[in-house]
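As you go down the protein sequences, you meet chains R and Z in turn.
Residue numbers for the first sequence follow the numbering used here, beginning at 1 and rising by one.
Residue numbers for the second sequence follow the numbering used here, beginning at 98 and rising by one.
The C-beta atom is built at its ideal place from N, Cα and C for all residues, glycine as well.
For reference, the structure is listed below as structure tokens.
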Amino acid sequence: MEQIDFVYPTATRRISGRSHVGVVGSGDMEVLLEPSIQDGAQVHITTSVAGFRDTWKAVFDRFFSRFDGAVQIQVNDAGATPGTVLLRLEQAAEAIK
Amino acid sequence: MNKVTGTPAFVTRNSFIELNARARARILFDEESWREMVGPFDRMESPWLPMQDVTPEADDGCIVIKGKIAGKPAVAIALEGAFQGGSLGEVSGAKMMAALDLAAKDSREGSITAAVLLLETGGVRLQEANLGLAAVAEVVSSLLALREYAPVVTVIAGTVGCFGGMSLAAGVSSYVIMTREGRLGLNGPEVIEQESGIEEFDSTDRAMIWSIHGGEQRVGMGLADVLAEDDAENIASAVREFVSAGKPAQYRSRKVALYRERIAALDISHQIDPLALRKEWGKDVSHGEKQ
């Protein structure tokens, strides 16, 4: 298991509402997305698979290149692939629109 | 199936099994009547899993939804089979017990509140063994208290099934609804094979497992009440019927003498044929199949 944190200071658009998608089942993950109490966005990941920090960073960089909400994101991951991760993040973002 | 040119029913139906626990629970309620209690944003995670290098889930795999079913107050408690095999830990056990106790309290005070258990679980979570065992005892005792006032409906849809300590919860429920895909048993196939040997039970023999633990057999033997198709509306309507029906005339778990007699009468000199057993035990079963 590994815990990873990222911050995205440029994601400053205020949002309302929160969303929860996914399940911590094999090959899947859950996302809790809610308004951040600070400026910018914070990401906290707990993953069952250690050693993939760079891959997580790449996926979140891609996500925040298209999403600018000041959100707090918590991910509980049970081995989701990068494609599944992005899909879950986009589902969570869509649900608060 | 519709006409030859039409789309088959198994394609158009809304599968219940394919829904996650939260969606399964929601679909049972009258529209806009429900709210989730102690949801993921309350972050009641298991404190024990991260210590053992296991990722926790924000709701600990136990979803509690309160609302109205067929116009009557009800609470649904769903275990998420995809998270740690739907296992019961300290937090999920406490959520389940608290929900049942609150339903019993409301029922005693005049607002009869039914409980629906959606059980996809292997039983106690091994990482939290003692706390999980304590939780099972508490849940069963809460169930026994609640069923004096209101119906407790268990749904075992599959595909995890309902085993271990939680099979006791199913056993003391007022009503049990199963699908063909669902399984119910005290010990799971792997455990039986591990304890008694492969000659006794081959846990890779799926046909045999379902012929013993499967929903069709359990309903046929009278150990569950309704065999439902894997269709969300079909299962929701079976739940509504039992919630409306209120308490049963007699509890299966009270028929101790009957089952002792039946078990004593079994001829164990040879392997018992599941179909023969179903015929023998099922002769007084009055419930039909729900299509």
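With 16 other Cβ atoms within 10 Å as the buried cut-off, status of residue i
i, result
"Asn227 of chain Z", "exposed"
"His20 of chain R", "buried"
"Ile295 of chain Z", "exposed"
"Arg349 of chain Z", "buried"
"Glu358 of chain Z", "exposed"
"Glu206 of chain Z", "exposed"
"Val108 of chain Z", "exposed"
"Ala267 of chain Z", "buried"
"Thr12 of chain R", "exposed"
"Glu386 of chain Z", "Note that Glu386 of chain Z scores a pLDDT of 47, beneath 50, so its modelled location is shaky; the value from the coordinates is reported in the next line. Label assigned to Glu386 of chain Z: exposed."
"Lys97 of chain R", "exposed"
"Met98 of chain Z", "Residue placement at Met98 of chain Z is flagged as unreliable, the pLDDT there being 49, under the threshold of 50; a coordinate-derived value is accordingly withheld."
"Glu221 of chain Z", "Looking at the sequence provided, one finds Val at residue 221 of chain Z rather than Glu. Its Cβ being crowded by 16 or more others within 10 Å, Val221 of chain Z is buried."
"His367 of chain Z", "exposed"
Bridge partner(s) assigned by DSSP for residue i
i, result
"Val353 of chain Z", "Answer is none; Val353 of chain Z lacks a bridge partner."
"Tyr348 of chain Z", "Its beta-bridge partners do not exist; DSSP assigns none."
"His20 of chain R", "R:Leu32"
"Lys79 of chain Z", "The first residue shown for chain Z is 98 and the last is 388, placing residue 79 of chain Z beyond what the model contains."
"Ala74 of chain R", "According to the sequence shown, residue 74 of chain R is Gln rather than Ala. DSSP output for Gln74 of chain R lists R:Leu32, R:His44 as bridge partner(s)."
"Ala175 of chain Z", "Z:Ile160, Z:Leu215"
"Val249 of chain Z", "Z:Ala212"
"Glu2 of chain R", "R:Thr47"
"Glu133 of chain Z", "Z:Ile162"
"Arg13 of chain R", "R:Gly69"
"Leu402 of chain Z", "With chain Z running from 98 to 388 in the structure shown, residue 402 of chain Z is simply not present."
Cutoff 8 Å: residue i Cβ touching any chain R Cβ
i, result
"Glu129 of chain Z", "no"
"Val257 of chain Z", "no"
"Val161 of chain Z", "no"
"Pro137 of chain Z", "yes"
"Glu217 of chain Z", "no"
"Asn117 of chain Z", "yes"
"Ser112 of chain Z", "no"
"Ala201 of chain Z", "no"
"Ala122 of chain Z", "no"
"Ala325 of chain Z", "no"
"Tyr246 of chain Z", "no"
"Val340 of chain Z", "no"
"Thr109 of chain Z", "no"
"Glu287 of chain Z", "no"
"Val188 of chain Z", "no"
"Glu177 of chain Z", "yes"
"Ala155 of chain Z", "yes"
Pick from the options that is closest to residue i, judged by C-alpha positions
i, options, result
"Ala242 of chain Z", "Z:Glu278, Z:Val188, Z:Ala201, Z:Val213", "Z:Ala201"
"Phe126 of chain Z", "Z:Ala212, Z:Gly178, Z:Gly183, Z:Lys376", "Z:Ala212"
"Ser189 of chain Z", "Z:Ile306, Z:Met263, Z:Ala373", "Z:Met263"
Below-8 Å beta-carbon distance, residue i vs any chain Z residue
i, result
"Ala78 of chain R", "yes"
"Ser36 of chain R", "no"
"Leu32 of chain R", "yes"
"Lys97 of chain R", "no"
"Thr84 of chain R", "no"
"Ser48 of chain R", "yes"
beta-carbon residue i near the ligand FAD non-hydrogen atom, thresh 7 Å
i, result
"Phe67 of chain R", "The ligand FAD is not part of this structure, which contains no ligands at all."
Which residues, taken in chain order from the region 15-27 of chain R, show a beta carbon closer than 8 Å to some beta carbon of chain B? Among the protein chains in the structure shown, which are R and Z, there is no chain B.
Stretch pair the region 278-287 of chain Z + the region 352-366 of chain Z: three plus CB contacts closer than 8 Å: no
Contact between the region 134-148 of chain Z and the region 80-88 of chain R (3+ Cβ pairs under 8 Å): Not touching, per the Cβ criterion.
Any contact of the region 16-33 of chain R with the region 151-162 of chain Z, i.e. 3+ C-beta pairs under 8 Å? Judged by Cβ distances under 8 Å, the region 16-33 of chain R makes contact with the region 151-162 of chain Z, as three or more pairs qualify.
Would you call the region 246-255 of chain Z and the region 297-307 of chain Z in contact, with 3 or more CB pairs under 8 Å? no
Any 3 or more C-beta pairs closer than 8 Å across the region 114-134 of chain Z and the region 45-61 of chain R: no
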